[in-house]
Structures are given as structure tokens and as C-alpha cells.
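Let me begin by presenting the structure, written as C-alpha cells, before commenting on it.
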Amino acid sequence: MTVMMVDAVLPGWTPIEDLKDKHVVDIAKFAITEYNKEAKAKLELASIVKGDSLQVKTGALYRLVLAVKEEPDKKYETGVCESLNNFKTLVYFDPDV
Numbered sequence: 097m098t099v100m101m102v103d104a105v106l107p108g109w110t111p112i113e114d115l116k117d118k119h120v121v122d123i124a125k126f127a128i129t130e131y132n133k134e135a136k137a138k139l140e141l142a143s144i145v146k147g148d149s150l151q152v153k154t155g156a157l158y159r160l161v162l163a164v165k166e167e168p169d170k171k172y173e174t175g176v177c178e179s180l181n182n183f184k185t186l187v188y189f190d191p192d193v
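The numbering used here puts the first residue of the sequence shown at 97, with every later residue one more than the last.
Shown next, in the form of C-alpha cells:
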């Protein structure tokens, strides 16, 4: 697990209105790909259940709840930090949501 320190900017976490937006889907797929590498798993994104974002000085944080094809009744929460130059880091991936 990676922990990143960021300086938050106003106003705080904002709900993501369009969960099917290509950029949001790319963030979710990135999170699953990174989790699969670390956990030697083979999860595949089914849908994004909910999400919010936080704008910070260095980019944005995304907090997403995901459904996967392999376990339709189980939800995963993930956090991804994206820098201003689009570099992404998986902050956490919690299979116990």
C-alpha cells in the first residue's frame, strides 16, 4: 500500500456525477490493474458503483466503489492519486467494502 501526503484545496470531496466518463473508467481500470499485479488476482471491472474526487495542489484524488465481474455481490473501494501530468498511483484497494 502506498501512502501519499497531499495538501487539499477547497471545497473537499465532490461526488462524481458521470460514473461512465472515460477518464473515471480509466482511473477504475488502472486501480484494478494495479491491484491484480500486487495481489496476483484476475479481477475485471463490471461497473463503478459510486465515486468522488478531491482536487489537491498536485492533482486529484479519486475514491471509487467498484463492482467486478468475478464477484457480483462484492464491492471494492479504491483510492487513486493522479498528478497534474496524469501520473497515477494506487493509494489503496479495499476488498472489504
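Glycine included, C-beta positions come from ideal geometry on N, C-alpha and C.
Residue environment, residue i, which counts as buried when at least 16 other CB atoms sit within 10 Å
i: Ala142; result: exposed
i: Leu162; result: buried
i: Phe183; result: exposed
i: Glu178; result: buried
i: Gly155; result: buried
i: Thr174; result: buried
i: Leu186; result: buried
i: Leu157; result: buried
i: Met97; result: In this prediction, Met97 scores a pLDDT of 39, lower than 50, which makes its location untrustworthy; the coordinate-derived value is nonetheless stated afterwards. Label assigned to Met97: exposed.
Assigned secondary structure, residue i (DSSP; H/G/I helix, E/B strand, else coil)
i: Glu167; result: coil
i: Val161; result: strand
i: Val118; result: Note on residue identity: the sequence assigns Lys, not Val, to residue 118. Three-state DSSP puts Lys118 in a helix.
i: Pro110; result: This sequence places Thr at residue 110; Pro is not what is there. Three-state result, Thr110: strand.
i: Ala142; result: strand
i: Phe183; result: coil
i: Ala156; result: strand
Proximity of residue i and residue j at Cβ, strictly below 8 Å
i: Ile123; j: Leu180; result: no
i: Lys127; j: Val176; result: The question names Lys, yet the displayed sequence has Ala at residue 127. It is a contact, given that the beta carbons lie within the stated cut-off.
i: Val120; j: Ile144; result: yes
is_contact[residue i, chain B] using C-beta, thresh 8 Å
i: Tyr131; result: Note that chain B does not occur in the displayed structure, where there is just one protein chain.
Would you call the stretch 149 to 158 and the stretch 132 to 141 touching, i.e. three or more CB-CB distances under 8 Å?
no
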